[in-house]
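Let me begin by presenting the structure, written as structure tokens, before commenting on it.
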Amino acid sequence: MNYPDPQFIIDALDETHISSRGAHLFEVFNLKEKDLRPDPMSQQGRRIYEDKTRGFQLEYEDEGRRKKIVDHEIGKGPWVLDQFFLRSGISGGNPYPGVLPYGIKFEMNRTELGALLGPPVSSNQRVEIWSRAPIRLLLNYEPKSGAIKSVGMQLLESKI
Numbered sequence: 333m334n335y336p337d338p339q340f341i342i343d344a345l346d347e348t349h350i351s352s353r354g355a356h357l358f359e360v361f362n363l364k365e366k367d368l369r370p371d372p373m374s375q376q377g378r379r380i381y382e383d384k385t386r387g388f389q390l391e392y393e394d395e396g397r398r399k400k401i402v403d404h405e406i407g408k409g410p411w412v413l414d415q416f417f418l419r420s421g422i423s424g425g426n427p428y429p430g431v432l433p434y435g436i437k438f439e440m441n442r443t444e445l446g447a448l449l450g451p452p453v454s455s456n457q458r459v460e461i462w463s464r465a466p467i468r469l470l471l472n473y474e475p476k477s478g479a480i481k482s483v484g485m486q487l488l489e490s491k492i
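In case it helps, the working numbering puts the sequence shown at residues 333 to 492.
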């Protein structure tokens, strides 16, 4: 499988799964709406697709939670991609084999990431966050080793 360029993923953020960009993302990853599962945190109107074999996770929100839609039942979609995580495999599963955004490599440490991305806007033992318009970049770490668990992306400001 050819994995998409990070910009392709960024362009699909904040798009519904039935928009041209959202549908293309589904096509590239060979997904169907039925593949989206209810949020394990039981948040109504949220869906997740997790693929440990291919090393990524997509998180969706019902469009009706973002804007008023006449005669819309929350939990029926359309689904807006609001977060995308590329996993290193350190917590199980396989690492995402595609290119990571901004030149990030899963093998990098915090010092190397700081040299590459500059200082984060927020940092603790588990997560560092950078603002890189148009996205918020989230690096999740394994607390004991400090190794990267995942690289997350979400838009700084919603298009909807």
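All C-beta atoms, glycine included, are put in the ideal place defined by N, C-alpha and C.
Supposed contact pair residue j and residue i - C-beta distance, whole angstroms, cut 8 Å
i: M485; j: I380; result: Actually they do not touch by this definition, with Cβ atoms about 15 Å apart.
i: K384; j: N334; result: K384 to N334, Cβ: 20 Å. No contact.
i: L418; j: Y434; result: That pair is no contact at about 12 Å.
i: S420; j: I480; result: 5 Å
i: L345; j: L432; result: 15 Å between Cβ atoms; not a contact.
Start-to-end residues for the beta strand (DSSP E) that takes in residue i
i: E347; result: It is not in any beta strand (DSSP E) - E347 carries neither H nor E in the DSSP assignment.
i: E393; result: F388 to D394
i: G484; result: I480 to L487
i: L448; result: Segment R442 to L449 is the alpha helix (DSSP H) holding L448; no beta strand (DSSP E) there.
i: R464; result: V459 to R464
i: R419; result: W411 to R419
i: E474; result: Per DSSP, E474 belongs to no beta strand (DSSP E) and is neither H nor E.
i: D383; result: R378 to D383
Backbone CA spacing between residue i and residue j [nearest angstrom]
i: E393; j: K476; result: 32 Å
i: N472; j: I436; result: 13 Å
i: P410; j: I467; result: 22 Å
i: N456; j: Q415; result: 20 Å
i: H356; j: N441; result: 33 Å
i: K364; j: G354; result: 11 Å
i: A447; j: K408; result: 44 Å
i: R488; j: A465; result: It should be pointed out that residue 488 corresponds to Leu in this sequence rather than to Arg. Distance between the alpha carbons of L488 and A465: 7 Å.
i: S352; j: S490; result: 17 Å
i: L390; j: D343; result: 14 Å
i: F358; j: E347; result: 12 Å
i: L470; j: V483; result: 6 Å
i: P451; j: P338; result: 21 Å
i: L445; j: G478; result: 12 Å
i: T443; j: N362; result: 36 Å
Spatial neighbours of residue i in its chain, beta-carbon cut-off 7 Å, leaving aside the 5 residues before and after
i: P336; result: V360 and G430
i: V453; result: I461, W462 and S463
i: D367; result: Y381
i: I406; result: Q376, G377, D394, G396 and R397
i: R509; result: Because residue 509 is not part of the residues shown, which for the chain are 333 to 492, the question remains open.
i: P370; result: R379
Beta-carbon contacts of residue i that lie in its chain and below 6 Å, excluding the five residues immediately before and after
i: Y428; result: G387, F388, L418 and R419
i: I350; result: P410
Nonlocal neighbours in the same chain, by C-beta distance under 8 Å from residue i, ignoring five residues either side
i: P372; result: I380
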